[in-house]
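Student: Handing you this structure, nothing more for now.
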Amino acid sequence: MKRAIFSRSDGQCEYRASHSSMRCSSKARLQIDHVIPLSVGGKTELKNLRHLCPAHNQKTAQIAGLFFQVTESSHPPSLLTQYLGRNPER
Ligand SMILES: [Zn+2]
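In structure tokens:
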């Protein structure tokens with residue numbers, strides 16, 4: 899698996915800036931990153947894995963963490979039940 903990722907990435911960070919599609923040129927201390935984290939159902943398969951330099955690995959992990967935090971807090975199940983339970987009777 900590692901070798902397959904390496905041959906695809908050519909030993910280079912696979913991060914691309916979304917606005918420019920410029921690819922990061924870092925080849926130092928690459929780490930294998932899950933595009934969709936395992937904790938939210940991502941799989942350890944080639945299309946969900948990518949080579950990232952330490953800086954981009956940290957950056958994408960932060961973005962993912964933030965995203966899932968927001969998703970969770972905007973749909974708290976307790977708030978909905980609270981709201982429904984508070985429904986005024988006329
Ligand atoms: Zn990078």
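Counted the way our numbering counts, the sequence shown spans residues 899 to 988. C-beta: ideal position from N, C-alpha, C; glycine also.
Look at the Cβ atom of L947, then the Cβ atom of Q929, and state whether they are nearer than 7 Å.
Tutor: Against a cut-off of 7 Å, the Cβ pair of Q929 and L947 comes out as no contact.
Student: Should E912 go down as buried or exposed, given a rule of 16 or more other Cβ atoms within 10 Å for buried?
Tutor: Looking at its Cβ environment, which holds 16 or more other Cβ atoms inside 10 Å, E912 is buried.
Student: Look at the Cβ atom of R927, then the Cβ atom of R921, and state whether they are nearer than 7 Å.
Tutor: Contact flag unset, no.
Student: Just mark H954 as buried or exposed, buried being the case when its beta carbon has 16 or more other beta carbons within 10 Å.
Tutor: That one is buried.
Student: Can you tell me which of D931, V938, L936 and T942 puts its alpha carbon nearest to the alpha carbon of Q956?
Tutor: Checked all of D931, V938, L936 and T942; the closest Cα to Q956 is D931.
Student: R948 bridges to which residues according to DSSP?
Tutor: DSSP output for R948 lists D931 as bridge partner(s).
Student: If you draw a straight line from the C-alpha of L977 to the C-alpha of L936, how long is it?
Tutor: Low confidence applies here, because L977 scores a pLDDT of 47, under 50, leaving its location unreliable; read the following figure in that light. Between L977 and L936, the C-alpha separation is close to 27 Å.
Student: Measure the Cβ-Cβ separation of K925 and Q910 and say whether it is below 7 Å.
Tutor: Yes, they are a contact pair.
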